[in-house]
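What follows is one structure encoded as structure tokens, with my remarks underneath.
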């Protein structure tokens, strides 16, 4: 379960940001997790809830936004969000696509006090 190591890195990132900003605790973290990132949001949430005890994130709220896959068709130029992992352009039927979003995980917001 690599979600545990992600949470450990996330807490370390929070600690570093607290020091840089002269803050003492984290109130809220907002993450964007792409469907193709390989990160399971429910496992990440469970790991965070266990791991945060005794850290600067102990009372922090974790908010996770799931990002669908966004593609750009190289044939017709159509940009769209895919509801399923069906990598065919819904406009022209081409499979020549670039993935624009939905492959990564980002810390979108960190609220500190």
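Residue numbers (our numbering): -11 to 101. Quick reminder that beta carbons are idealized off the backbone N, C-alpha and C, glycines included. Given the structure is predicted, the values throughout are model-derived calculations rather than measurements.
- Looking from the CA of residue 65, the closest CA among 55, 0, 91 and 76 belongs to 76.
- Taking 7 Å as the cut-off, the Cβ atoms of residue 72 and residue 24 do not count as close.
- By the 16-neighbour rule on beta-carbons within 10 angstroms, residue 40 is buried.
- Taken in chain order, the complete alpha helix (DSSP H) segments of 4 residues or longer contained in the segment 16 to 47 are 29 to 39.
- Among the bridge pairs identified by DSSP, residue 68 is matched with 59.
- With fewer than 16 other CB atoms across the displayed protein chains lying within 10 angstroms of its CB, residue 46 is exposed.
- According to DSSP, residue 86 shares a beta bridge with 60.
- Beta-bridge partners of residue 53 (DSSP): 20.
- For residue 91, there is no enclosing beta strand (DSSP E), as DSSP marks it with neither H nor E.
- Here the alpha carbons of residue -9 and residue 31 stand approximately 6 Å from one another.
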